[in-house]
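Just so we're aligned: the sequence shown equals residues 1 to 130 in full-length UniProt numbering.
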Amino acid sequence: MNTEIDKLAWLHIQNNQVLMARSKGKEKFYLPGGKREQGEDDNAALIREIKEELCVDLFPNTIKYAGTFLAQADGKPEGYNVKLTCYTADFQGECKADQEIEEIRWIGYQEREKCSLAAQIVLDFLKEKQ
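Put into structure tokens, the structure is as follows:
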């Protein structure tokens, strides 16, 4: 049984805060992104997911690897982990919630408890880098 959920995420940082999303019916915020579809590489999957969730277009030539983080998956039994491979990228358009997203919000380290465990680990990493 596979106990690791492999996801991609976009790190959009401004003024020491990270853009986070919250799905409809959920309490915790997470980094926007999602899973690869069959045959997709990381760039194609990230571009598709961010367009679906935030209605913006990432510029493929600006996508840069930022880190990979492992955490207990929210809402799953202990031992189920999420592996979050994060990228930064420039974009075109205005970020707004679409489809399954209830809310997007800028979240800093002080509000980390409002986020998924994986997002908290990313916020911890970014705080240490300051």
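For glycine and all other residues, C-beta sits at the position ideal for the given N, C-alpha and C.
Continuous alpha helix (DSSP H) assignments of at least 4 residues falling wholly in the UniProt domain "Nudix hydrolase" (1-130): Runs found: 42-54, 117-129.
Own chain residues within Cβ distance below 7 Å of Lys51, not counting five before or after: Position 51 of the sequence shown, counted from the first residue, corresponds to residue 51. These residues qualify, in order along the chain: Asp57.
Pair within 8 Å by beta-carbon distance, Cys86 and Tyr30: For the purposes of this step, residue 86 is taken as the residue at position 86 of the sequence shown. For the purposes of this step, residue 30 is taken as the residue at position 30 of the sequence shown. Cβ distance not < 8 Å, so Cys86 and Tyr30 don't count as in contact.
C-alpha gap between Arg36 and Ala66, whole angstroms: Taking the sequence shown and counting its residues from 1, the one referred to as residue 36 is at position 36. Taking the sequence shown and counting its residues from 1, the one referred to as residue 66 is at position 66. Cα to Cα, the separation comes out at about 18 Å.
Asp74 to Gly33 span [Cα, whole Å]: Here residue 74 corresponds to residue number 74 of the sequence shown, with the count starting at 1. Here residue 33 corresponds to residue number 33 of the sequence shown, with the count starting at 1. As the crow flies, the alpha-carbon of Asp74 is around 15 Å from that of Gly33.
Alpha-carbon to alpha-carbon, Glu100 and Thr3: Your numbering for residue 3 matches position 3 in the sequence shown. Your numbering for residue 100 matches position 100 in the sequence shown. Roughly 24 Å separates the two Cα atoms.
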